[in-house]
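Have a look at the structure below, then the notes.
Protein chains: 2
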Amino acid sequence: MEELSNVGSRPRVVIVGAGFGGLACAKALADTEVDVTVIDRRNHNLFQPLLYQVATAALSPADISEPIRRTLGRSDNIHVLMGEVVSIDPTARTVSLADGAAIPYDRLVLATGSKYNYFGNEDWQKHAPGLKSIHEARQIRHRLLLAFEQAERSQDEAEQRRLLTSVVIGGGPTGVEMAGAISELGRFMIERDFRSLRPEQHHVVLVEAGPRILATFPENLSDYAADYLRNIGVDIRLNTPVEDVTAEGVQVKDRFLPASCIVWGAGVKASPAADWLGISPGPGGRLPVARDLSVDGLEGVYAIGDTALALDEDGEALPALAQVAKQQGTFLGKALKASLLKGAAVPNFRFHNRGNTAVIGRNAAIFDFGTWQLKGRFAWLLWAIVHVYLLVNFEKRLLVSVQWIWRYTTRQRGARLIDENFIAPDK
Amino acid sequence: MEELSNVGSRPRVVIVGAGFGGLACAKALADTEVDVTVIDRRNHNLFQPLLYQVATAALSPADISEPIRRTLGRSDNIHVLMGEVVSIDPTARTVSLADGAAIPYDRLVLATGSKYNYFGNEDWQKHAPGLKSIHEARQIRHRLLLAFEQAERSQDEAEQRRLLTSVVIGGGPTGVEMAGAISELGRFMIERDFRSLRPEQHHVVLVEAGPRILATFPENLSDYAADYLRNIGVDIRLNTPVEDVTAEGVQVKDRFLPASCIVWGAGVKASPAADWLGISPGPGGRLPVARDLSVDGLEGVYAIGDTALALDEDGEALPALAQVAKQQGTFLGKALKASLLKGAAVPNFRFHNRGNTAVIGRNAAIFDFGTWQLKGRFAWLLWAIVHVYLLVNFEKRLLVSVQWIWRYTTRQRGARLIDENFIAPDK
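Top to bottom, those sequences are chains A and B.
According to the working numbering, the first sequence is numbered sequentially starting from 1.
According to the working numbering, the second sequence is numbered sequentially starting from 428.
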C-alpha cells in the first residue's frame, strides 16, 4: 500500500457520481474515520428504473428522486458537493471542477454512469431523447400529451396519423417498457378524454435492429413480451436498423415512419471519465478495471457501475445494470475502509446475480433468475413490490404505492402535465 | 333575448379560461342541452392557492394540477380545446385562436384570470418571477435550492450573504405565504443538510410599499402575522416601495438589498381580454361588467373572476379572489342554461363571503369571516382541511394529505429538485 498524501489526518475518498454505485459506496463508508466527498452535477439522485413512468405521466419527478444531501445527510464524515467535474490529475491526485475548485483525494471512485449512445449521430438526440434524466422524461411526456391535443383538432388525415404515432428505437428493457406504457396510455386517454379520436388510431412502433427484442433475456421470455406487446397494439419491427431521425419521424430501410414522439433506447455509452483521465477507454467508452475495480495503471483510482468495464471470473464483461453498480459500490466502500484504516488489500469483486427483470405493461413483467424464470401477472406484482422497496425512503414508497394502487384501480394517470416552459420557454 | 345565431341546433357557450371561474361555469352547464367549448392555453388546471408549496419544494406540480379533459371529461356536451386566443369578433360572434381556427359562440364567458402587474417595469419579471404558473414556481424553487448549494461552497462572505438572502416583494397573502415558507425551508435545510452554513445566516426580507402587511385583513390579524413572521426570522420592511430589481438584488429607497432569490407578489392585473375585444379596460386591466356579469355594450359576452370588474350591491368592486370567481362561474352557468333553454333573463349576481384566509407558516394561519376571526394553530388546521377538500379529486387529496402529515412530523421537504433544464437548457 502506497503512502497517503496527507499523513496524520484522515484519509480522503472522493466519489464522483451519486447514482446506484456512488451512493452505495458512500453509504458503506458512512460513520467511519474516512473523509468522504460525493460530487454530482445534480442535487438529487434519480431512481432511473421508474423514469419511464415519469415520461408516461404516471409519476411526478419528485416521486423518484431525493436530494443527495438528504440521502447521505446523517453521516458527519460525508460531504456533498454539487459541481461539474472537468478533469482529473492522477499525479497530483486532485479532481478539478468547472468553477475552478480542486478537490484532493487519496482514493478516487468514478461512478458517473452512462448516457445514451447515438453512434455518431448526436443530432438525432433532440428529436429522439433517451431516458436518463428528468428533463428528458418531461420532454417525452410533453411531446406525447401535446400531440394528442393537436390530433384532436387536426383536420388533415396524414398529419393526424403522424401526431398519433410514437416510435421507440431499441428493443431492450427501456424500449419495451416505453412501448408498452405509451400504448396503454394512448389508448386509455383516447377512450376516456378525446372526442374526435378512436383508440385504434393510436400507433406505437418498436424498432429493433436485431432479430428479437430483450436479447439479453432467454428466448421464451422475449417471445412472451413480444406477444404481449403485439396484443396491446405495439407494432414490432425486427431486423430494422434506423437510418435517420428527423423532427418528422424515423427513416428505416425502405420506408419513413412519420411520428410525433420518438424515444431513443438503443444502447448506452459511459460518461466521459476516460477523457478526464486522459486515457483511451474500452468498448462503449467504459474504463477497463482490474478484478479489484482499480483502473489499470492509475494508483488510487477505481471505477464502478456503467463507467467500468469489469470482467467476471470467466472473463465475461459484467452488464451495465443497477444491481452490478450497487454491489460494486458496497463492495468497494467496505474494501476501501479496510484498506485505508487497516492496510488490507482490496480483494477481487464477485457479482451475485439477483435476477434480471423488465416490465412490459399493466399486469405483465418478466424475471430471469438464471435457473428459473417468471412471467405474467405474478411477475408484475413482484416487480412492483421490488421497485417500491428499492425506492429510497418511506415517504416516497408510500406515495408511489398510493398512486399505483389508485391507477391500477382507475387506470387514470396522475401527472398529465404539459409543461409551459416547453411551450413558451421565455415566459 | 336576442335570437340565437344557429337556430334549430343547440345553443353554444364558449368559455375562455379553465381556472376556478371557468371550470365552475362549465360544470354548471354539464349534461345540459347546451354545447359548451372550454378553451385554455394549458392542458391542465392549476390549484393556485398551493402553488407556493411547489415553489418551496413541498409539493410536486402534478399534485396541484389536473388535465382539464379529466375534470370535465364525463360530460358529452363539453368540448375541451387547448389553444391560445388572439382575438374576439363580437359582431360575428367568433373567438379566433393562434392557429387560425375561429370558434363560433352564442354566449361567451371570459374567465382568463390575472397575471402579475409589474407596473410598467416588465423587465423586472425575469429577476423576480410571480407565482401564477408551474414554470414560475419551478423557477423560484430552482433559484432557492441552487443558492444553498452555491453558498455551501462559497468562500466570499458578501457573496455568501447574497446567496442566502431572499427578497419577497409585496405583503399580500402570496408574499406572506412565500416569506414564511422560504424562511422555514431555509432554516430547516441548513440545520439538517449543510455543513458550512448556520441557520441564522439565512435571510428573508419581506418588502411592502404600504404601512402594514395583509392590508385587506383586519389590523389585529395583520399584527399577528407580522409578529409570527418576525419570530421565524423574516425581516419585514413597511412603507418601502421598490425602485429597481436586478439579477443581483432589489433597490429600495436609500439601500440595495443583494439577494439570490426574488419573488414578486405586489399586485395583479387582468389578462388581455379587453385587448381581444378592442375595448378599453377598467382599473387593473379588468373588464367592467353589469350586475348580471355581462360586458357593457357587447351582447352575449360575459366576464367573471379576476378578468371582471364587478360591483356588489353597495357599488364596491368585488375582490380578485378564487371564491368570487367560483361563485360567479356557478351562478353564470346556471343562469345561461335557464336563459338559453327557457328564455329566462340573467339575474343579478350576489357574492356570499365565505371568509378570507392566509397561511403564514407551520402551525399559523388567519381567517377573517367578517363578524369573527380566527388565528394560530387551529386556523392552520382549518386552512389545511379546507385546502385538501378543495383539491379537485380524490387521488390528489390523498397524496397531498400523506405528504403534509409526513412533512409535519418530519419537517422534510419532498420535492427538493433542482431542475436540470434550468441548469443546462440545451441538453
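Glycine residues also receive a C-beta, built at the ideal position from the N, C-alpha and C atoms.
How many angstroms separate the CA atom of residue i from the CA atom of residue j?
| i | j | result |
| --- | --- | --- |
| residue 90 (chain A) | residue 109 (chain A) | 12 Å |
| residue 511 (chain B) | residue 722 (chain B) | 21 Å |
| residue 499 (chain B) | residue 456 (chain B) | 11 Å |
| residue 438 (chain B) | residue 460 (chain B) | 8 Å |
| residue 26 (chain A) | residue 237 (chain A) | 43 Å |
| residue 474 (chain B) | residue 304 (chain A) | 44 Å |
| residue 689 (chain B) | residue 567 (chain B) | 8 Å |
| residue 123 (chain A) | residue 245 (chain A) | 9 Å |
| residue 19 (chain A) | residue 41 (chain A) | 11 Å |
| residue 583 (chain B) | residue 82 (chain A) | 18 Å |
| residue 221 (chain A) | residue 169 (chain A) | 20 Å |
| residue 851 (chain B) | residue 818 (chain B) | Caution is warranted here: a pLDDT of 36 is assigned to residue 851 (chain B), below 50, making its placement in the model unreliable, and the coordinate value is therefore given only provisionally. Going by the C-alpha atoms only, they are around 33 Å apart. |
| residue 489 (chain B) | residue 400 (chain A) | 13 Å |
| residue 662 (chain B) | residue 800 (chain B) | 26 Å |
| residue 145 (chain A) | residue 107 (chain A) | 47 Å |
| residue 336 (chain A) | residue 288 (chain A) | 19 Å |
| residue 447 (chain A) | residue 102 (chain A) | Lying outside 1 to 427, the shown extent of chain A, residue 447 (chain A) is not represented and no answer is given. |
| residue 527 (chain B) | residue 147 (chain A) | 18 Å |
| residue 547 (chain B) | residue 683 (chain B) | 21 Å |
| residue 214 (chain A) | residue 174 (chain A) | 10 Å |
| residue 348 (chain A) | residue 291 (chain A) | 5 Å |
| residue 230 (chain A) | residue 382 (chain A) | 23 Å |
| residue 284 (chain A) | residue 195 (chain A) | 47 Å |
| residue 740 (chain B) | residue 670 (chain B) | 38 Å |
| residue 320 (chain A) | residue 306 (chain A) | 5 Å |
| residue 199 (chain A) | residue 388 (chain A) | 31 Å |
What does residue i reach in chain B if we use C-beta pairs closer than 8 Å?
| i | result |
| --- | --- |
| residue 267 (chain A) | The contacting residues do not exist; residue 267 (chain A) stays about 19 Å from chain B at best. |
| residue 160 (chain A) | Under the 8 Å cutoff, chain B gives no residues; its nearest Cβ is about 14 Å from residue 160 (chain A). |
Among the options, which residue has its Cα nearest to the Cα of residue i?
| i | options | result |
| --- | --- | --- |
| residue 252 (chain A) | A:258, A:240, A:310 | A:240 |
| residue 659 (chain B) | B:791, B:444, B:573 | B:791 |
| residue 343 (chain A) | A:334, A:312, A:351, A:278 | A:334 |
| residue 368 (chain A) | A:353, A:362, A:361, A:377 | A:353 |
| residue 522 (chain B) | B:490, B:704, B:715, B:713 | B:704 |
| residue 265 (chain A) | A:88, A:17, A:137, A:66 | A:137 |
| residue 37 (chain A) | A:45, A:50, A:23 | A:23 |
| residue 686 (chain B) | B:708, B:588, B:768 | B:588 |
| residue 628 (chain B) | B:637, B:614, B:640, B:620 | B:614 |
| residue 725 (chain B) | B:530, B:701, B:491 | B:701 |
| residue 728 (chain B) | B:520, B:492, B:479, B:502 | B:520 |
| residue 77 (chain A) | B:620, B:778, B:651, B:712 | B:620 |
| residue 211 (chain A) | A:75, A:190, A:172 | A:172 |
| residue 97 (chain A) | B:580, B:492, B:479, B:491 | B:580 |
| residue 226 (chain A) | A:69, A:31, A:375, A:387 | A:375 |
| residue 228 (chain A) | A:361, A:197, A:116 | A:361 |
| residue 735 (chain B) | B:497, B:458, B:709, B:495 | B:709 |
| residue 191 (chain A) | B:777, B:651, B:497 | B:497 |
Is the beta carbon of residue j closer than 8 Å to that of residue i?
| i | j | result |
| --- | --- | --- |
| residue 204 (chain A) | residue 182 (chain A) | yes |
| residue 167 (chain A) | residue 249 (chain A) | yes |
| residue 674 (chain B) | residue 562 (chain B) | no |
| residue 604 (chain B) | residue 786 (chain B) | yes |
| residue 328 (chain A) | residue 59 (chain A) | no |
| residue 112 (chain A) | residue 280 (chain A) | no |
| residue 131 (chain A) | residue 151 (chain A) | no |
Can you list the residues of chain A that residue i reaches, using a CB-CB cut of under 8 Å?
| i | result |
| --- | --- |
| residue 516 (chain B) | Here the premise fails: no neighbours, minimum Cβ distance about 20 Å. |
| residue 506 (chain B) | 195 |
| residue 490 (chain B) | 60 |
| residue 500 (chain B) | 192, 193 |
| residue 476 (chain B) | Near residue 476 (chain B) there are no residues of chain A at all, since even the closest Cβ is about 18 Å away, more than 8 Å. |
Below 8 Å on the Cβ atoms is my guess for residue i versus residue j; work out the distance and round it to an integer in Å.
| i | j | result |
| --- | --- | --- |
| residue 318 (chain A) | residue 324 (chain A) | 5 Å |
| residue 269 (chain A) | residue 114 (chain A) | 6 Å |
| residue 143 (chain A) | residue 471 (chain B) | That pair is no contact at about 16 Å. |
For chain D, check one thing: does any of its Cβ atoms lie closer than 8 Å to the Cβ of residue i?
| i | result |
| --- | --- |
| residue 53 (chain A) | Annotation note: the requested chain D is absent from the structure, which comprises protein chains A and B. |
Using a C-beta to C-beta distance shorter than 9 Å, which residues of chain A count as neighbours of residue i?
| i | result |
| --- | --- |
| residue 534 (chain B) | Chain A residues near residue 534 (chain B): none, gap ~21 Å exceeds 9 Å. |
| residue 437 (chain B) | Per Cβ cutoff of 9 Å: no residues; residue 437 (chain B) is ~15 Å from chain A at best. |
Run through chain B and tell me which residues come within less than 9 Å of residue i, C-beta to C-beta.
| i | result |
| --- | --- |
| residue 198 (chain A) | Within chain B, no residue comes near residue 198 (chain A); the closest Cβ sits about 16 Å away, beyond 9 Å. |
Is residue i near the ligand GTP, going by C-beta to nearest heavy atom under 7 Å?
| i | result |
| --- | --- |
| residue 605 (chain B) | Among the components modelled here there is no ligand, and therefore nothing to report on the ligand GTP. |
Show which residues of chain B have a CB atom less than 7 Å away from the CB atom of residue i.
| i | result |
| --- | --- |
| residue 82 (chain A) | 576 |
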